[in-house]
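Below: one structure, written as structure tokens.
Residue numbers (our numbering), protein chains in the order written: chain A, 1 to 82; chain B, 101 to 182.
Written out as structure tokens, the structure reads:
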């Protein structure tokens, strides 16, 4: 089972990295860039241990809450595929 | 138009950040994590300037090649949505 996790700053949190990228894109001549937000992506390969999909979802959610995301300022989402 | 860009290390390139996360997950008691790869995600909001979808795709691809990704060691992908 493969899990793809995305972690992004909440909309209310300033994103200086995104702003820097936005300005760099403008400097390079790319017009019309209204906003850029930067985030993180994790591709996790999980061993097939006979768990149900619900158990795996719970595990991935706990991984996000305990390590991958700072839930005070970040939100996360994930998708699972065989 | 919104573009979502993902930038990831090519499969042949070592990912020490991913390995560190894999070990941290094991230390936290998450068993069965076979591999972790870390990547970047960018959400870009583009002004509606009457460009065709093909022109926007070309622009986003150029953004990736010129700024967002180091194509020597990284691969990128993107999706567009209205």
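Using N, Cα and C, we set each Cβ at its ideal position, and we do this for glycine too.
| query | result |
| --- | --- |
| Can you give the Cα-Cα distance for residue 120 of chain B and residue 58 of chain A, rounded to whole angstroms? | 22 Å |
| In chain A, what lies closer than 8 Å to residue 140 of chain B by C-beta? | 38, 39, 40, 41 |
| Would you report the Cα separation of residue 150 of chain B and residue 180 of chain B, rounded to the nearest angstrom? | 15 Å |
| Of all the CB atoms in chain B, is at least one closer than 8 Å to the CB of residue 85 of chain A? | As displayed, chain A neither begins before 1 nor continues past 82, which places residue 85 of chain A out of reach and without an answer. |
| Do residue 33 of chain A and residue 146 of chain B have their beta-carbon atoms positioned less than 8 Å apart in this structure? | yes |
| Where does residue 138 of chain B land, buried or exposed, given buried means 16+ other C-beta within 10 angstroms? | buried |
| For the segment 13-59 of chain A, which segments carrying the beta strand (DSSP E) assignment without a break, of at least 3 residues, lie completely within its bounds, in sequence order? | 33-46 |
| Anything in chain A within Cβ reach of residue 176 of chain B, meaning under 9 Å, just list it in chain order. | Result: empty, since nearest Cβ-Cβ is about 11 Å, beyond 9 Å. |
| Measuring alpha carbon to alpha carbon, tell me which residue in A:23, A:75, A:82 is nearest residue 52 of chain A. | A:82 |
| Measure the CB-CB distance between residue 78 of chain A and residue 3 of chain A and report whether it falls below 8 Å. | yes |
| Apart from the five residues just before and just after residue 101 of chain B, which ones in its own chain have a Cβ nearer than 7 Å to its Cβ? | 146, 148, 156, 180, 182 |
| When you compare only the Cα positions, how much space is there between residue 115 of chain B and residue 73 of chain A? | 26 Å |
| Excluding five sequence neighbours on each side, which residues of the same chain lie with their C-beta closer than 7 Å to the C-beta of residue 65 of chain A? | 71 |
| Got a sec? Which residues, its chain only, sit under 6 Å from residue 18 of chain A by beta carbon, not counting five neighbours each side? | 36, 37, 38 |
| Strictly below 8 Å CB to CB, what residues from chain A border residue 149 of chain B? | 31, 32 |
| So, with DSSP's three-state summary, where would you put residue 181 of chain B? | strand |
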